[in-house]
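4 protein chains.
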Amino acid sequence: MCTGSSVSDASFGPNVKILNSNSQIVELQTIIRDKNTSRSDFKFYADRLIRLVIEESLNQLPYSDCSVETPTGAIYDGLKYRSGNCGVSIVRSGEAMEQGLRDCCRSIRIGKILVESDADTHVAKVVYARFPDDIARRQVLLMYPIMSTGNTVLQAVNVLKEHGVPEDCIILSNLFCTPIAAKTVVGAFPQMKILTSELHPVAPNHFGQKYFGTD
Amino acid sequence: MCTGSSVSDASFGPNVKILNSNSQIVELQTIIRDKNTSRSDFKFYADRLIRLVIEESLNQLPYSDCSVETPTGAIYDGLKYRSGNCGVSIVRSGEAMEQGLRDCCRSIRIGKILVESDADTHVAKVVYARFPDDIARRQVLLMYPIMSTGNTVLQAVNVLKEHGVPEDCIILSNLFCTPIAAKTVVGAFPQMKILTSELHPVAPNHFGQKYFGTD
Amino acid sequence: MCTGSSVSDASFGPNVKILNSNSQIVELQTIIRDKNTSRSDFKFYADRLIRLVIEESLNQLPYSDCSVETPTGAIYDGLKYRSGNCGVSIVRSGEAMEQGLRDCCRSIRIGKILVESDADTHVAKVVYARFPDDIARRQVLLMYPIMSTGNTVLQAVNVLKEHGVPEDCIILSNLFCTPIAAKTVVGAFPQMKILTSELHPVAPNHFGQKYFGTD
Amino acid sequence: MCTGSSVSDASFGPNVKILNSNSQIVELQTIIRDKNTSRSDFKFYADRLIRLVIEESLNQLPYSDCSVETPTGAIYDGLKYRSGNCGVSIVRSGEAMEQGLRDCCRSIRIGKILVESDADTHVAKVVYARFPDDIARRQVLLMYPIMSTGNTVLQAVNVLKEHGVPEDCIILSNLFCTPIAAKTVVGAFPQMKILTSELHPVAPNHFGQKYFGTD
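If you read the protein sequences in the order shown, they are chains A, B, C and D.
Take the first sequence: its position 47, counting from 1, is numbered 47 in our numbering, and each next residue is one higher.
Residues are numbered in our numbering as their position in the second sequence, beginning at 1, plus a constant of 1000.
Residues are numbered in our numbering as their position in the third sequence, beginning at 1, plus a constant of 2000.
Residues are numbered in our numbering as their position in the fourth sequence, beginning at 1, plus a constant of 3000.
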């Protein structure tokens, strides 16, 4: 049976899915991890990996059967999105995924959350949030490329839940995830789906700085 | 074992590979087949399916192991392309796939073949060809989105072979393929790889006209 | 008085217009002419200059007055395109301008002409042409980036006129033009508009090869 | 004499420059102001106007003479950027201009400022700022598409000055500006350059909501 192009990691339960790895995805991960990659190449190849993760994330959304008529008058039995999706990026690195989402869903609404950690106490705090006002009735693609500890995502999901979004309507789109972050996030939100391209003990923490050039 | 995100169709041998189907790919195919899709939407969603086919085609190219150093000084064992690829589009519909190829391979060289069928005899004839001059030493991604009979592709591959490209260095990137076309092309060129998103008796023949708006 | 962002060159009459030069346009021209520019940079900066020329070409098309209502209920007196435009690229180098045209006019129809010169007689001959079937009723943006002699353009315009396009409905979009080519084309088609970014005795003849990487 | 494609508005002094208006720019402004424009069209045409404003903003940056060698061995006297620029967007609407900046300057560094107004006191306050660490030595393209009062921009410029950026190294890139905002900002920062596409008493305040779909 062919169930799609992502696989679940048994150790984290059915809701942590990993993009089906292949040579070119490993190549993209290699380029992104390489400290000698130029900023221009880094951005180009990160954008490719982002698009692949976004495409697979969209595949987790609900679809309905539909029939369409082709130019020759034949009927084709296909699928269509169920409407009511939106994207939410976690500032700053999550914003790198916004263009990839737009490349796939032309006019999808995109909200934003800014979480900052207190330099002394290390407590993460939401300082800014802007959503479509009917977000409680939408499927939410939460975008955050690098998860090291999971703390920022915990805060962001809490804000979504405070705005009425059910946990099982959230799909976290991620590029690189540590096992400890996966464990933390799944433990806190067992109904949320997590899609990543790699589970690896070391996350490339230079991602945001290198992508945007603010180091 | 997970060998990638495409599957082989046993009836046509190991070299005909089909993109691993999932809900969103069926959705894209539905939109492209629907006669009521606007040109603007048609182009947008065709571009998405093209990118997915191109990404999977690139996955058929040869890769080598490599080790890179990460910003923290760790060594990461990854993969890199073996150099020496190029794209060749079959005019006109194949040109729709050029941008998708550039979105994935920033400065890849792209050649072009124009094949026309004689209105009376239906014989396909090459009227124009332009290639990188070292094409005989490259892997060639041959781009042609719709295969109904396979006749145009036969002519195009013959031209590539006349220019010294070995058959097993050609990967045909295709969106929609009829079983009869697959059989014709595999019969003529058993060493060439064919990658498509769908094998279906009816190919959406309005593709080129709708994509470029020249009907 | 400065009524737009292009100026006419008096020596060639009112229909040869040059993009209003400024520092960044000169910079783009410098990068394109520099033999040490990498292919990746060449394509990136050529695309920028192409977009600027396309934007200014669109400005030559006819517009009509229109009034729209703003979200606050106020009336704003503006302009809108008169419908009925299309693009036609001259293969191969003209195709480099197709994406720029699409970046400005999302679903504009784009036709294509292939002109080849006989290697012995140097006579230019049309070997392929594909147009929207109602092209005679459209304004045509003819795309050809480099004009050295003007011979190819002469053939292409003749084909358009054979298809019923009035000469004064054609706007030639060009990046680099020699004075001799401007003189030839204006002499043959005094009603056609020509828009270029530079009149200079030396045209960068490596443009197509470097843009597409087929040398 | 017309020396470029922007003009100064005499009433605000030499540092307020307006994009040279033409039919297509008025068309873009019309589409953006029209309440009946779809979100998909709104974003497409806003992106076009943004690119034109960005292109003209880049033209305000300093350039140096340079000579390059062409493929035929000739020397071409041209121009090149003086290095050391960066972009800074004011969240949220300014972020709409980031892609346009990247479309013109492939790997330019982009910082970000978030200013929020107190709901009671209407005092604008900076809640987040992230810059390239050597920003004091760079020319800064400050991006903010709609200026109604100028208060947000005042705060943002103050933050840039606190980080050591000289006032005359800031170019404000803007789409729509009210005369009162122009007066306020010029009064506070007479050395800063302001580039806009239109001075008009009514700014399209729905811009950010419509562009991102968060209303």
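Just so you know, even glycine gets a beta-carbon here, dropped at the ideal spot from N, CA and C.
Sequence-distant residues of the same chain with beta carbon closer than 6 Å to residue i, five excluded per side
i, result
"R3082 (chain D)", "P3062 and S3064"
"R3109 (chain D)", "C3086 and P3132"
"L2079 (chain C)", "Y2063"
"T950 (chain B)", "For residue 950 (chain B) there is no data in the structure shown, the boundaries of chain B being 1001 and 1215."
"Q2155 (chain C)", "V2115, A2124 and V2126"
"L1142 (chain B)", "V1088, I1170 and L1172"
"D1077 (chain B)", "S1067"
"Q2099 (chain C)", "none"
"A2188 (chain C)", "L2154"
"L1168 (chain B)", "With the sequence shown as reference, residue 1168 (chain B) is identified as Asp, and Leu is not the correct amino acid for it. Hits under 6 Å: Q1191."
As assigned by DSSP and simplified to three states, the class of residue i
i, result
"G111 (chain A)", "strand"
"R1138 (chain B)", "coil"
"S6 (chain A)", "strand"
"L61 (chain A)", "coil"
"G3087 (chain D)", "strand"
"K17 (chain A)", "strand"
"D2047 (chain C)", "helix"
"K3080 (chain D)", "strand"
"K35 (chain A)", "coil"
"S40 (chain A)", "helix"
"C3104 (chain D)", "helix"
"V3202 (chain D)", "coil"
"S1093 (chain B)", "helix"
"T1184 (chain B)", "helix"
"S3197 (chain D)", "coil"
"G3208 (chain D)", "helix"
Residue j beta carbon less than 8 Å from that of residue i
i, j, result
"I2194 (chain C)", "V2186 (chain C)", "yes"
"R39 (chain A)", "S3107 (chain D)", "yes"
"T184 (chain A)", "G150 (chain A)", "yes"
Option nearest residue i by Cα separation, candidates the options
i, options, result
"F2071 (chain C)", "D:G3100, D:L3052, D:I3032 and D:A3074", "Looking at the sequence shown, residue 2071 (chain C) is not Phe but Pro. Comparing Cα-Cα distances from P2071 (chain C) to each of D:G3100, D:L3052, D:I3032 and D:A3074, the minimum goes to D:I3032."
"G3073 (chain D)", "C:V2053, C:D2034 and C:V2115", "C:D2034"
"I146 (chain A)", "A:I170, A:M97 and A:C104", "A:M97"
"F2212 (chain C)", "C:E2095, C:S2023 and C:T2184", "C:E2095"
"T3052 (chain D)", "D:Q3029, D:V3123 and D:S3089", "The amino acid occupying residue 3052 (chain D) in the given sequence is Leu; Thr does not appear at that position. The shortest C-alpha separation from L3052 (chain D) is found at D:Q3029."
"T2996 (chain D)", "D:N3174, D:N3205 and D:D3168", "Nothing in the structure corresponds to residue 2996 (chain D), since chain D is present only between 3001 and 3215."
"Q1026 (chain B)", "B:I1113, B:Y1045, B:V1016 and B:T1214", "The amino acid occupying residue 1026 (chain B) in the given sequence is Val; Gln does not appear at that position. Taking only the C-alpha atoms, the option nearest V1026 (chain B) is B:Y1045."
"P2204 (chain C)", "C:V2140, C:S2148 and C:I2075", "C:S2148"
"Y128 (chain A)", "A:R92, A:V140 and A:L101", "A:R92"
"N3020 (chain D)", "C:V2016, C:Q2024 and C:S2006", "C:S2006"
"D47 (chain A)", "A:S23, A:I113, A:R102 and A:L160", "A:R102"
"V2140 (chain C)", "C:S2023, C:D2120, C:K2161 and C:T2214", "C:K2161"
"F2214 (chain C)", "B:S1011, B:G1084, B:K1112 and B:L1049", "According to the sequence as given, residue 2214 (chain C) is Thr; it is not Phe. If we check each option's Cα against that of T2214 (chain C), B:K1112 comes out closest."
"R138 (chain A)", "A:G84, A:T121 and A:N22", "A:G84"
"T2152 (chain C)", "C:I2090, C:N2022, C:Q2024 and C:P2166", "C:I2090"
Cβ-based neighbour list, residue i, same chain, cut-off 8 Å, excluding 5 preceding and 5 following
i, result
"G2013 (chain C)", "V2186 and P2190"
"F1042 (chain B)", "I1031, I1032, K1210 and Y1211"
"C3104 (chain D)", "R3051, I3054, E3055 and L3058"
Proximal residues to residue i (C-beta, below 7 Å), its chain only, five neighbours per side dropped
i, result
"H163 (chain A)", "F131, I135 and A136"
"D3118 (chain D)", "K3125"
"L2199 (chain C)", "D2009, I2018, C2177, P2179 and A2182"
"N3158 (chain D)", "none"
"Q1060 (chain B)", "I1171, K1193 and L1195"
"V2016 (chain C)", "S2008, D2009, A2182, V2186 and I2194"
"I3075 (chain D)", "S3067 and E3069"
"V3165 (chain D)", "I3135, A3136 and V3140"
**Item:** Length at least 3, wholly inside the stretch 1114 to 1178 of chain B: the beta strand (DSSP E) runs in chain order
**Value:** If one requires a minimum length of 3 residues, the beta strand (DSSP E) runs lying completely within the stretch 1114 to 1178 of chain B are 1124 to 1130, 1139 to 1143 and 1170 to 1173, in chain order.
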